[in-house]
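Asker: What follows is a single structure, and I will ask about it in a moment.
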Amino acid sequence: MSGQAADLTVAFADGTPLYLQVAQHVQKLIDDGTYPVGSLLPRESDLAEALGVSRHTIRQAISQLRQRGLLTARKGVGTRVEAPQDDWRSRFSANSRGGLFDFARATELHFKTRKTVEARGQIAAEMGVRPGRKFHYLSGPRYYAGDAKPFCVNEVYLDPRLRHVVDDIPILRVALFNLVEEATGDRVMEIQQDVRAAYMPDHVAHWLDREPGDLALKMTRRYLGSGARLLEYAVQYHPGDNFAYHTTLSSI
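Counting in this note's numbering, the sequence shown runs from 1064 upward without gaps.
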């Protein structure tokens, strides 16, 4: 289907960079077989005209898809489709991102609180955002599938424009940042994780059947997309006496 005409109609939305929306649209055309593996995409100028965007936007979108291994470009040949989909398993080592997916599949996050909040003070500093920025906030206990007692409590901060991603999900059984990627067309390029001792807040103590102020382990993760854009901020509290971290160091 190299160079074959295709329906490239797309409705762009506010809130997500245009080149990411274009990249997401082109990926869908690859996934549905409009441009199968081995085929060539139309020329940049043709794509730009069909989508009603600049050639610079098309170049940015193609660059995103090349970074994901979906496309390759050769001078005098064109832009070739190399893979049918973006496989998250290959993006991070098994000890990091893959582990997060395994963790999400083996557990259930029950959302009990949903509201709009403003990031101020310490939380704004931890998130790396300007004070007063609004977020869609969710929190609730997390269970191992089948267990009646939660083992930790999660808090999640999302851009308010991504509220629709979670509005219809009472119990989360997948990695949320993967849903965010699908909704935005952006891709998590880096996950920054911090682990520190903390005192258990009241709402956390309630769900874990502990006393407010008990020692807890607080894990925070910043999910950054292209251009270091914050896609999601997540906080996880574990009872201090129930958490263990194991690693093995080998000599070389």
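Ideal Cβ positions, reconstructed from N, Cα and C, are used throughout, including at glycine. These numbers come from a predicted model, not from an experiment.
Identify which residue in 1290, 1286, 1171, 1087 has its Cα closest to the Cα of residue 1209.
Answerer: 1171
Asker: Would you call the stretch 1245-1264 and the stretch 1194-1205 touching, i.e. three or more CB-CB distances under 8 Å?
Answerer: no
Asker: For residue 1102, which three-state DSSP category applies?
Answerer: coil
Asker: Among 1248, 1270, 1181, 1279, which residue has its Cα nearest to the Cα of residue 1123?
Answerer: 1248
Asker: Report the rounded CA-to-CA distance for residue 1205 versus residue 1216, giving the unit in angstroms.
Answerer: Rounded to whole angstroms, the gap between the alpha carbons of residue 1205 and residue 1216 is 6 Å.
Asker: Need the endpoints of the alpha helix (DSSP H) that residue 1117 sits in, please.
Answerer: No alpha helix (DSSP H) holds residue 1117; DSSP gives it neither H nor E.
Asker: So which of 1092, 1226, 1207, 1138 has the shortest CA-CA distance to residue 1180?
Answerer: 1226
Asker: In whole angstroms, what separates the C-alpha of residue 1221 from that of residue 1295?
Answerer: 5 Å
Asker: For residue 1183 and residue 1201, I'd like the C-alpha separation in whole angstroms.
Answerer: Approximately 17 Å, taken between the alpha carbons.
Asker: Hey, out of 1176, 1135, 1282, 1131, whose CA is closest to residue 1244's CA?
Answerer: Cα-wise, what sits closest to residue 1244 is 1131.
Asker: Report the start-end ranges of each alpha helix (DSSP H) in the stretch 1179-1232 that is 4 residues or longer and not cut off at the edges.
Answerer: 1184-1190, 1226-1229
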